[in-house]
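**Q**
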Amino acid sequence: MSESRNVWVFIEQDEGKIADVSLELLAKGQELAGVLGSEVWALLPGWELGGVPDELIQCGADRVLAADHPELELYRTLPYTRLAVDQVKKYQPYIFLFGATPVGRDLAPRVASALKVGLTADCTDLQIGDYTIRKENRVCRDLLYQIRPAFGGNLIATIVNPNTRPQMATVRTGVMHRREPELDRVGVVEAVDVVLEPSDFALQVLSREVREATVHLQDAQVVVSGGAGIKSKDEFQLLEELAHLLGGEVGASRAAVDAGLVSREHQVGQTGTTVRPRLYIAAGISGAIQHRAGMDQSNKIIAINTDVNAPIFQVAHYKIVGDVGEVLPMLIKALKEKTK
Amino acid sequence: MATSRQYQCMVLVKQVPDTRSVSGEVMTSEGTMNRSVLPAIFNPEDLHALEMALQVKDQFGGQVTVLTMGPLQATEVLREALYRGADRVILVSDRKFAGADTQATSYTLAKAVDKAAGPNGSFDLVFCGRQAIDGDTAQVGPQVADKLSLPQITYAESIIDLEGDAIVVQRAFEQGTELVKCRLPALLTVVASANRPRPASARKRIQYKMASAPNEYPALLKRYPEFSDVAGFDTYLDEHNLKITVWSAADLQVDDTQIGLAGSPTQVYKVNFVVLESTDSKEVPPTPEGIQAMIQELIQEYIVD
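Residue numbers (my numbering), protein chains in the order written: chain A, 255 to 594; chain B, 10 to 314.
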């Protein structure tokens with residue numbers, strides 16, 4: 255079979271519940287396939303998949319490759335890699351997208367390495383466009399622009415894979431928008447013949463514990479985040495109090511997480527969670543692209559920083575030049591008073 | 010009692026610019042990076058990988074080899090590894106490796122790991138940090154594992170059991186943990202919550218202070234006038250196990266089409282210094298009155314209930 259222009263999405267599901275990022279990628283895939291004039295295919299491994307393939311079609315898949323096999327029930331690197339590599343070799347997709355989840359970040363690099371193709375991690379945008387290889391004076395049409403913050407989030411890079419297929423990328427949960435399922439959408443479900451080798455079973459999963467998320471940043475209507483400007487745990491508690499008053503969640507920049515002020519689950523940004531709340535308060539956050547990529551779509555942004563030139567002010571609707579240790583108590587007081 | 014054995018450990022590390030300390034002065038007015046402003050450091054998660062390997066050595070014996078690919082200045086992290094307890098360090102360095110993406114990097118590293126293992130040897134465990142702070146891709150570990158045909162255990166937090174040819178590892182991610190059992194040899198990528206890296210030992214600092222690669226000899230000779238020439242210095246370092254091995258592309262017998270920029274399937278189309286969209290913004294004075302007025306406005310706009 256010759257090379258297609260199809261866009262593939264790797265589907266993660268747990269006991270029939272499809273991961274949000276997989277649905278978001280199906281929607282993005284539809285957009286890309288629309289430009290390319292091609293189809294969106296979903297690669298779905300698992301066991302006793304039930305109604306999952308139909309759900310994927312409703313959410314944007316034109317064809318579902320359903321790999322229903324007992325050995326694929328729990329994710330393991332090697333069996334999943336074999337499946338993905340075999341299917342790619344058989345159908346030669348043009349683009350292959352993965353969620354930047356623990357599974358996607360374990361699997362996608364392995365698959366890319368086995369196929370000797372390029373992979374771009376944690377993309378914040380994907381587009382189709384042309385690219386000229388200057389050395390060869392050759393124009394490559396309709397490549398996947400893989401757009402991501404680079405170098406600790408201080409630059410935005412557009413990466414392309416001109417010579418290898420599929421063009422692979424991972425995307426974090428919440429970066430793309432899913433669409434409403436269309437119940438009458440038509441697609442094809444194809445059962446995959448899964449063939450595994452003894453060497454694929456080098457690793458066994460003894461047990462697995464999934465914690466209920468204690469932080470719900472992604473759905474929060476209000477997020478109050480702290481960064482390097484927060485000097486102590488006491489100051490961080492002011493953020494918690496403020497978040498509580500506003501009925502929101504506490505977020506953080508990477509600097510605050512690295513400083514041990516708060517756990518990584520709270521991190522907002524390209525390598526953390528992407529949020530789109532009604533109100534985002536950035537306290538003591540300078541606003542590297544890495545962070546802004548995760549919050550700049552917020553409806554209203556209040557930024558508090560002592561540095562009048564901090565980049566966060568350029569995306570803020572309300573700029574407060576001042577010390578967080580002084581401004582946060584004023585905010586808390588004002589909110590308490592308005593509820594009286 | 011089960012027969013215990015030793016484990017040969019390889020740790021892959023990277024010297025990275027400390028992107029955590031990026032400030033305004035790093036960006037030039039033309040929108041390019043002034044990298045020299047950023048200090049070069051031992052990639053933080055790689056220190057946790059080294060610590061995990063050292064703990065295996067403490068418990069079972071065996072050797073810890075630390076390998077890095079980078080410019081000649083990367084000997085700095087290798088000396089740091091020696092101070093912390095590594096037995097052997099190797100620098101993989103060649104202009105031809107420049108511009109490598111994760112595919113070309115993992116190919117080169119896998120070749121170097123093979124060479125370090127020797128024709129009849131192999132490492133039981135290969136450790137990497139989960140990801141490097143300059144790229145954040147977390148791709149090199151799994152891609153080295155693929156190229157060495159090793160099973161991989163990413164997000165490794167602790168070794169629960171190591172016996173014979175099997176390892177039991179706890180993996181940790183944001184939303185859960187997993188206990189896996191894997192046959193050796195295997196590659197682990199280690200997360201920051203794994204351990205607390207030991208500091209450099211004062212004794213080893215003295216023992217290894219002269220450890221250096223040949224390119225560093227001229228500068229060192231000035232500090233140690235007792236050596237009259239490079240050849241004598243080289244012999245001394247060699248005899249005292251202080252010579253840092255440097256391997257070039259030729260030493261690794263790599264396929265030139267798979268290294269550096271030429272061996273990288275990804276290409277950078279463009280890099281933008283982000284121009285921020287100017288938002289419709291208001292400056293709020295940091296006073297109780299200013300804040301109150303802002304809250305009032307947000308209530309009127311139904312942003313705050």
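Positions of the beta carbon are idealized from the N, C-alpha and C atoms, including for glycine.
(1) Can you confirm whether the stretch 127 to 136 of chain B touches the stretch 97 to 113 of chain B when touching is taken to mean that 3 or more C-beta pairs between the two stretches lie within less than 8 Å?
(2) Starting from isoleucine 311(A), trace the alpha helix (DSSP H) both ways and give me its first and last residue.
(3) Identify the residues that DSSP records as bridge partners of glycine 505(A): which are they?
(4) Using 10 angstroms around the beta-carbon of threonine 266(B), count the other beta-carbons present and answer buried if the total reaches 16, otherwise exposed.
(5) At the level of alpha carbons, what is the spacing between serine 257(B) and glutamate 89(B)?
(6) Please state if the CB of glutamine 276(B) and the CB of proline 363(A) are separated by a distance shorter than 8 Å.
(7) Nearest to glutamine 521(A) by CA position, among Leu496(A), Leu500(A), Gly480(A) and Leu533(A), is which residue?
(8) Three-state secondary structure (DSSP) at valine 199(B)?
(9) Can you pull the DSSP bridge partners for glutamate 463(A)?
(10) For serine 167(B), which of Thr186(B), Leu159(B), Asp155(B) and Pro160(B) has the nearest alpha-carbon?
(11) With C-beta atoms as the reference, is cysteine 191(B) less than 8 Å away from valine 200(B)?
(12) If leucine 499(A) and lysine 590(A) are in contact, beta carbons under 8 Å, what's the gap, nearest whole angstrom?
(13) For a test of the three-state rule: what should DSSP assign to glutamate 292(B), helix, strand or coil?
(14) Distance cutoff 8 Å, beta carbons only. Does aspartate 133(B) sit that close to anything in chain A?
(15) Spatial neighbours of asparagine 224(B) within its chain, please: C-beta separation below 7 Å, excluding the five flanking residues on both sides.
(16) Classify glutamine 161(B) as helix, strand or coil using the three-state DSSP reduction.
(17) Going along chain B, which residues have a C-beta under 8 Å from aspartate 376(A)?
(18) Would you kindly work out how many angstroms separate the C-alpha atoms of alanine 259(B) and glycine 272(B), rounded to a whole number?
(19) Consult DSSP for glycine 288(A) and reduce its assignment to one of helix, strand or coil.
(20) How about leucine 500(A): is its C-beta nearer than 8 Å to some C-beta of chain B?
(21) Please report the distance separating the alpha-carbon of leucine 303(A) from that of glutamate 266(A).
(22) Can you give me, in chain order, the residues of the stretch 449 to 462 of chain A that have a beta carbon less than 7 Å from any beta carbon in chain B?
(23) Who does glycine 383(A) pair with in a DSSP beta bridge?
(24) On the three-state DSSP scale, how would you describe phenylalanine 490(A)?
(25) Does DSSP classify asparagine 252(A) as helix, strand or coil?
(26) Is the distance from the Cβ of lysine 573(A) to the Cβ of alanine 557(A) below 8 Å?
(27) Along the alpha helix (DSSP H) that carries arginine 232(B), what are the first and last residues, could you check?
(28) Can you pull the chain A neighbours of aspartate 155(B), defined as C-beta to C-beta under 7 Å?
(29) I'd like to confirm the pairing. Which residues does DSSP put opposite tyrosine 572(A) in its beta bridges?
(30) Are there 16 or more other CB atoms within 10 angstroms of the CB of leucine 21(B), so buried, or fewer, so exposed?
(31) How long is the line joining the alpha carbons of arginine 462(A) and leucine 188(B), rounded to whole angstroms?
(32) Return the bridge partner residues of aspartate 322(A) from the DSSP annotation.
(33) Whose CA, out of Ala154(B), Pro295(B) and Glu183(B), lies closest to the CA of leucine 361(A)?
(34) Would a C-beta distance cut-off of 8 Å place tyrosine 16(B) and lysine 213(B) closer than the cut-off?
(35) Determine the direct distance from the alpha carbon of glutamate 60(B) to that of arginine 207(B), and round the result to whole angstroms.
(36) Quick check for students: name the residue ranges of the alpha helix (DSSP H) that lie wholly in the stretch 498 to 542 of chain A, counting only runs of 4 or more.
**A** This is what the structure holds:
(1) No contact exists between the stretch 97 to 113 of chain B and the stretch 127 to 136 of chain B.
(2) Here the alpha helix (DSSP H) through isoleucine 311(A) covers 306 to 312.
(3) According to DSSP, which records beta bridges pairwise, glycine 505(A) is partnered with Ser479(A).
(4) So threonine 266(B) counts as exposed.
(5) Roughly 22 Å separates the two Cα atoms.
(6) Taking 8 Å as the cut-off, the beta carbon of proline 363(A) is found no closer than this to the beta carbon of glutamine 276(B).
(7) In terms of CA proximity to glutamine 521(A), Gly480(A) leads the group Leu496(A), Leu500(A), Gly480(A) and Leu533(A).
(8) In the structure shown, valine 199(B) sits in a strand (DSSP, three-state: E or B).
(9) For glutamate 463(A), which the question treats as bridged, DSSP gives the partners Thr186(B).
(10) Of the candidates Thr186(B), Leu159(B), Asp155(B) and Pro160(B), the one whose C-alpha sits nearest the C-alpha of serine 167(B) is Thr186(B).
(11) No, Cβ-Cβ distance for cysteine 191(B) and valine 200(B) is not below 8 Å.
(12) Sure, about 7 Å apart at Cβ, within 8 Å.
(13) Assignment of glutamate 292(B) by DSSP, reduced to helix, strand and coil, places it in the strand class.
(14) Chain A has no Cβ within less than 8 Å of the Cβ of aspartate 133(B).
(15) Listed in chain order, the non-local C-beta contacts of asparagine 224(B) below 7 Å within the same chain comprise Leu81, local neighbours out to five positions each way being set aside.
(16) Three-state DSSP puts glutamine 161(B) in a strand.
(17) At a beta-carbon threshold of 8 Å, the residues of chain B lying near aspartate 376(A) are Asp145 and Thr146, ordered along the chain.
(18) Whole-angstrom Cα-Cα distance: 15 Å.
(19) The answer is helix: DSSP assigns glycine 288(A) an H, G or I state.
(20) Yes, because at least one Cβ of chain B sits closer than 8 Å to the Cβ of leucine 500(A).
(21) Put simply, the backbone Cα of leucine 303(A) is about 11 Å away from that of glutamate 266(A).
(22) Of all residues in the stretch 449 to 462 of chain A, Ala456, Leu457, Gln458, Val459, Leu460, Ser461 and Arg462 have a Cβ within less than 7 Å of some Cβ in chain B.
(23) DSSP, once it has assigned bridges, lists Leu397(A) as partnering glycine 383(A).
(24) DSSP, reduced to helix, strand and coil, places phenylalanine 490(A) within a helical segment of the structure shown.
(25) Since the first residue shown for chain A is 255 and the last is 594, residue 252(A) is missing from the structure and cannot be characterised.
(26) At a Cβ-Cβ threshold of 8 Å, lysine 573(A) and alanine 557(A) count as neighbours.
(27) The continuous alpha helix (DSSP H) containing arginine 232(B) extends over residues 226 to 232.
(28) Neighbours of aspartate 155(B) on chain A, chain order: Arg364, Ser367 and Ala368.
(29) For tyrosine 572(A), the pairing in a beta bridge is given by DSSP as Ile556(A) and Lys291(B).
(30) Buried, by the Cβ-count rule.
(31) Here the alpha carbons of leucine 188(B) and arginine 462(A) stand approximately 6 Å from one another.
(32) For aspartate 322(A), the beta-bridge partners assigned by DSSP are Gly300(A).
(33) Cα-wise, what sits closest to leucine 361(A) is Ala154(B).
(34) In this structure, the beta-carbon distance from tyrosine 16(B) to lysine 213(B) does not fall below 8 Å.
(35) Answer to the nearest angstrom: the Cα atoms are 7 Å apart.
(36) For the stretch 498 to 542 of chain A, the full-length alpha helix (DSSP H) segments reaching 4 residues or more read 508 to 512 along the chain.
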